[in-house]
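Numbering (the working numbering), first residue to last: 1264 to 1453.
One structure is given here, and the rest of the page talks about it.
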């Protein structure tokens, strides 16, 4: 795995990880300094790279794939609040009872190597839909939707008194939310 900086590909692996996988490179990189700033083509010969499987990722954004109706899709990144950490639990439903699809999202991921760093800056996000495919974030103080930890799924459960939203999390108890907006409460009574 590599990453690009100023048009050059650099190996993502730290020296110790690389040498654990490919001990034969130890003679070429006996020190951390000798490995520093090495590009992918410095580490691997063109012949070795020619046989490599190449996959490219052009975005890691949490996005909405809009169906254009002709067999194609347009990828539209969601607002910044949905980009703070990876989102694993995503529920599209009408939260506020206005008849328009909203999004409840939660995620985070702590199971990464220390050099990459935890991806745990999100506390979940409620995105209010306008019915035209655009979404605006609603502050947690207003919505009450606050999800610490590593969330993995969000499910809506209909009850006699209205819908509840259950958020499952890794190594933690689930969280339960209820929509209390006047429009949602009125709609639930119908």
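Heads up, the beta-carbon is just placed ideally off N, CA and C, and yes, glycines get one too.
**OP:** Would you decide whether residue 1410 is buried or exposed? Buried here means 16 or more other CB atoms lie within 10 Å of its CB.
**Re:** buried
**OP:** Tell me whether residue 1373 is buried or exposed, calling it buried when 16 or more other Cβ atoms sit within 10 Å of its Cβ.
**Re:** exposed
Subject >> residue 1344, buried or exposed, once every other Cβ within 10 Å from all chains shown has been counted against 16 >> reply: buried
Original post:
Roughly how many whole angstroms lie between the Cα atoms of residue 1341 and residue 1286?
Top reply: Annotation: residue 1341 to residue 1286 spans about 43 angstroms, alpha carbon to alpha carbon.
**OP:** Just mark residue 1358 as buried or exposed, buried being the case when its beta carbon has 16 or more other beta carbons within 10 Å.
**Re:** Residue environment: residue 1358 is assigned as buried (16 or more neighbouring CB atoms within 10 Å of its CB, all protein chains considered).
Subject >> Residues of its chain near residue 1381, where Cβ-Cβ distance is below 6 angstroms and the 5 sequence neighbours each way are ignored >> reply: Excluding residues within five positions, the ones whose Cβ falls inside 6 angstroms are 1373.
Original post:
With a Cβ-Cβ cutoff of 8 angstroms, do residue 1417 and residue 1352 count as a contact?
Top reply: In this structure, the beta-carbon distance from residue 1417 to residue 1352 falls below 8 angstroms.
**OP:** Look at residue 1329 and residue 1322 and say whether their C-beta atoms are less than 8 angstroms apart.
**Re:** Cβ distance not < 8 angstroms, so residue 1329 and residue 1322 don't count as in contact.
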